[in-house]
Amino acid sequence: MNNPLKHTVQILAIVFFCLALYLQPVQAENNFYDTEHYQQKDTVPPSSIFRKIGRYMDSLRNRRYRDSVLLKITRHDDSVIADDNAMQKSEQIFAPYTGKVIRNIYFRKVKVFGPRDINDTAFSSSMKLIRIANRLHYDSREWVIRQSLFFRENALLNPYTLADNERYLRSLPFIQDARLNIVNAMFSTDSVDIVVVTKDVFEYGFNLSKVTTSAFAARVYNNDLFGAGQALQLGVLWRNDYNPTWNTEIRYTKYNISGSFIDGAIGYSTLNNYMPLDTGVYEGSYYISLSRPLYRTRAQLIGGFTFSRNHSINIYNLDDDLYRDYRYQVSDIWAGYNFRNQFRKDGSERSQPNLAILARNYNLNFGKTPLQGIYASDPNYNNRSYWLGQFVIFRQQFFKTHHFFGYGRTEDIPLGYTIALTAGKENWIGRKRLYAGVEVEKFWPIKNAALLHTQLGVGNFWQYKTAEDAVIHAAANHYTRLFKFKRTYLRQFTYIDYIISPNNHFYKPLNINWERGIWGYKDTRINGYQRLNLRSETVLYSALRAYGFKFNFFSSLQGSFITSRSRSIFKSSLYSGLGLGFRVRNENLPLNTLKVAVNYYPSSPQGVKTLWFEVTTVTDFRFNISSLKAPAFVNFQ
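Residue numbers (my numbering): 48 to 684.
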């Protein structure tokens with residue numbers, strides 16, 4: 048019987064090869080270090096495009112050869128797992144070398160379609176098609192990786208610095224995994240060499256979100272254009288009921304500009320996907336942004352800036368009395384100073400937490416507002432500005448683990464706590480209000496190798512000593528230990544989330560659509576100012592693979608209560624959903640995760656089918672490892 052998934056993967060691989068055969072990446076600089084630990088690989092000599100095409104066509108004549116090649120070039124980098132439930136301290140492996148001088152820094156790139164283990168130095172392949180496939184990908188240039196290092200030659204080795212650096216490299220969108228290996232320590236008692244090992248994600252990607260006779264939506268992108276730590280994304284949408292029928296987007300991103308750890312992006316979109324102002328509208332946007340996150344624990348200066356111009360588009364060709372015609376611009380700037388750190392420069396750790404102060408200024412100004420009178424007092428269509436100041440106390444210890452949200456890749460978990468105290472003032476529709484809020488977040492391990500993540504946020508505005516738009520938000524996520532059954536793993540996820548606004552003024556009601564309540568509910572009019580969400584999911588990380596695409600099977604149970612602020616939440620109706628399905632992902636590729644599921648809603652409201660078969664893509668999810676970000680109000684959504 049034919050396997051449609053196998054043939055689909057084959058076709059996609061062929062398309063990738065044909066589109067990029069003309070590319071001839073520049074070979075990375077050779078570095079030489081102790082051959083007892085590593086060996087240099089021969090490079091493939093340059094050849095003409097006609098010779099490449101000839102090799103490619105010859106290889107496709109043999110089905111077995113083709114299948115074996117596709118298996119190799121799409122297989123996933125499986126790291127060696129010593130302990131299924133181990134959460135290893137990130138700095139532990141570097142601690143024995145604290146204070147030693149870093150003599151030399153070498154760089155080694157593991158091919159995208161290469162060894163199963165990033166530490167495998169003996170991998171080689173004589174298959175020409177694999178070599179051609181790897182040559183379609185521009186390896187991240189050595190200068191890009193060097194600019195991303197927190198240490199230099201002749202510096203003293205700090206284990207926390209190396210742990211932070213390894214984690215930062217893994218967080219880059221174009222890096223699948225990274226290791227900092229200490230070598231040649233036996234040659235001297237006071238110095239070592241470091242080998243920076245990186246494995247890229249295949250740079251080319253696409254997302255086909257809609258294909259019908261009346262609509263088409265797709266996005267193509269390159270996450271590491273020319274291996275220079277930059278990304279280019281192109282999107283297109285065609286719908287025969289839109290005016291105009293064709294809409295597009297372009298976005299360019301540069302990571303770590305000139306080694307400053309500032310990321311920059313510029314672009315435009317007429318796809319209504321850049322933070323539209325309201326529901327029921329369609330917008331186009333031009334924007335530019337700069338961001339310097341807390342890229343390492345010891346980073347002192349952080350911040351960001353965003354500027355955008357946005358305008359409504361009469362996409363449905365509405366009459367003037369229905370179309371909301373408006374234009375506005377947004378400027379958003381924030382900065383922070385991390386003035387005390389728990390880790391000393393000598394590689395030791397303080398008992399005191401980190402301390403930081405942050406500030407933010409946000410301005411939204413309309414150049415044109417809708418002509419309809421009903422929007423004159425609508426908060427969404429009025430100028431808004433605010434200033435926020437924040438004092439943050441946080442302490443974190445990072446651990447490396449696996450099989451939470453990934454399919455075997457290294458995942459970083461921040462165990463510790465964050466306390467943020469926020470104050471500021473806001474001017475909205477002529478109302479000048481003061482604000483105060485507190486947010487607490489904590490990750491910690493609990494009994495039986497489980498993990499608990501809790502959050503609590505309380506915020507409130509004051510207008511002439513009158514409290515309004517207060518928000519109370521509490522959430523808890525529980526992750527069980529990882530259970531192993533031969534070649535498969537299993538983990539249980541449990542989530543609970545409660546939110547209420549007891550005295551709303553500007554805030555609009557909550558809903559339970561999609562991720563805000565029941566996944567699969569769409570455009571329901573079930574609203575309220577108090578909501579409780581419950582969710583439990585069992586994930587089976589299976590050994591089933593097809594050309595490197597891994598399958599995770601899951602079952603889910605979700606429930607939502609929503610009601611007015613004055614009524615008991617448990618006296619409201621329960622909306623529930625049950626799901627069963629699987630997710631497919633190849634972590635060598637930058638594609639979104641494919642999700643296939645059947646969902647059953649026993650108490651479905653009007654407009655929601657009782658049974659829903661789902662085939663969609665979902666973005667990769669990771670733990671939030673940064674305690675410092677732009678100050679914000681406690682969110683009410």
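Here a beta-carbon is modelled for each residue, glycine too, at the ideal position from N, C-alpha and C. Just so it is clear, the structure is predicted and the values come from calculations on it, not from any experiment.
To the nearest angstrom, how far is the alpha carbon of residue i from that of residue j?
| i | j | result |
| --- | --- | --- |
| R150 | Y144 | 13 Å |
| R407 | G436 | 7 Å |
| W190 | H525 | 41 Å |
| V518 | G331 | 31 Å |
| L746 | V586 | The displayed coordinates of the chain run from 48 to 684. Any statement about residue 746 would go beyond what the structure contains. |
| R266 | G654 | 30 Å |
| Y409 | R572 | 31 Å |
| R632 | V148 | 41 Å |
| M322 | N507 | 24 Å |
| G306 | L281 | 26 Å |
| Y342 | G350 | 11 Å |
| Y289 | A677 | 36 Å |
| F668 | G463 | 20 Å |
| D544 | L625 | 18 Å |
| F308 | F445 | 20 Å |
| N574 | N560 | 10 Å |
| G252 | K472 | 43 Å |
| F249 | S548 | 45 Å |
Can you say whether residue i is buried or exposed, counting buried as having 16 or more other CB atoms within 10 angstroms of its CB?
| i | result |
| --- | --- |
| A483 | exposed |
| D660 | Position check: residue 660 holds Phe in this sequence, whereas Asp was assumed. Exposed. |
| V645 | exposed |
| L638 | buried |
| A688 | The structure shown does not extend to residue 688, since the chain is modelled only from 48 to 684, so the question has no answer here. |
| I177 | buried |
| F532 | exposed |
| P461 | buried |
| A217 | It should be noted that the sequence gives Arg, not Ala, for residue 217. Its Cβ being crowded by 16 or more others within 10 Å, R217 is buried. |
| V157 | buried |
| D271 | buried |
| A202 | exposed |
| V239 | buried |
| E296 | buried |
| M618 | A quick correction: the sequence has Lys, not Met, at residue 618. K618 is exposed by the Cβ-count criterion. |
| S611 | exposed |
| W491 | exposed |
| G394 | buried |
| P291 | exposed |
Going by C-alpha distance, which of the options is nearest residue i?
| i | options | result |
| --- | --- | --- |
| N580 | P400, T527, F608 and R266 | F608 |
| E396 | Q139, F680 and S187 | Q139 |
| K479 | K512, S651 and I152 | K512 |
| N385 | A593, L348, Q376 and Y334 | L348 |
| G504 | Y542, T465 and R528 | T465 |
| K656 | Y568, N361 and D310 | Y568 |
| I565 | Y648, L402 and S261 | Y648 |
| Q137 | A180, K175, I672 and L591 | Note on identity: in this sequence residue 137 is Ser, with Gln being the wrong assignment. Comparing Cα positions, the closest option is I672. |
| S583 | I309, Y542 and F452 | Y542 |
| K392 | N205, L337 and W381 | N205 |
| V662 | L255, H449 and N401 | L255 |
| D224 | V159, Q277, V258 and D237 | V159 |
| S338 | N364, Y422, N303 and A262 | N303 |
| N495 | Q539, R614, L641 and N551 | Q539 |
| A180 | N635, T640 and I440 | N635 |
Excluding the 5 residues flanking residue i on each side, which residues of the same chain have their C-beta closer than 7 Å to its C-beta?
| i | result |
| --- | --- |
| W475 | P426, N429, R431 and F553 |
| L284 | A264, N294 and L318 |
| Y333 | Y315, S355 and R356 |
| S651 | T657 |
| L279 | Y268, N269, L272 and Y299 |
| N78 | Low local confidence applies: a pLDDT of 39 at N78 is under 50, so the model's placement there is unreliable, with the coordinate-based value given in what follows. Cβ within range, chain order: Y153 and F154. |
Starting from the C-beta of residue i, find all residues in its chain whose C-beta is less than 8 Å away, skip the five residues before and the five after it, and write them out in chain order.
| i | result |
| --- | --- |
| L227 | F141, L209, N212, E213, I241, V242, V243 and V244 |
| F598 | S589, L591, R592, F629, R630 and V631 |
Once you ignore the five residues that flank residue i on each side, which residues in its own chain have a CB closer than 6 Å to its CB?
| i | result |
| --- | --- |
| R37 | Only positions 48 to 684 of the chain appear in the structure, and residue 37 is not among them; the question remains open. |
| G414 | R374 |
| S602 | T585 and L627 |
| V485 | L468 and V505 |
| A416 | Checking the sequence shown, residue 416 turns out to be Thr, not Ala. Around T416: Y373 and Y428. |
| A523 | T501 and I543 |
| Q684 | none |
| G274 | Y185, D186, S187 and R188 |
task: Note down, one range per segment and in chain order, each beta strand (DSSP E) of at least 3 residues found wholly within the region 593 to 633.
output: 596 to 610 and 621 to 632
Start-end ranges of the beta strand (DSSP E) lying completely within the region 475 to 499, minimum 3 residues: 478 to 493
message: What ranges does the beta strand (DSSP E) occupy inside the region 135 to 163, keeping only unbroken runs of at least 3 residues that lie completely in it?
response: 148 to 157
- request: Can you check the region 291 to 348 for any beta strand (DSSP E) of at least 3 residues that lies completely inside it and give the ranges in chain order?
  value: 293 to 301, 310 to 316 and 330 to 339
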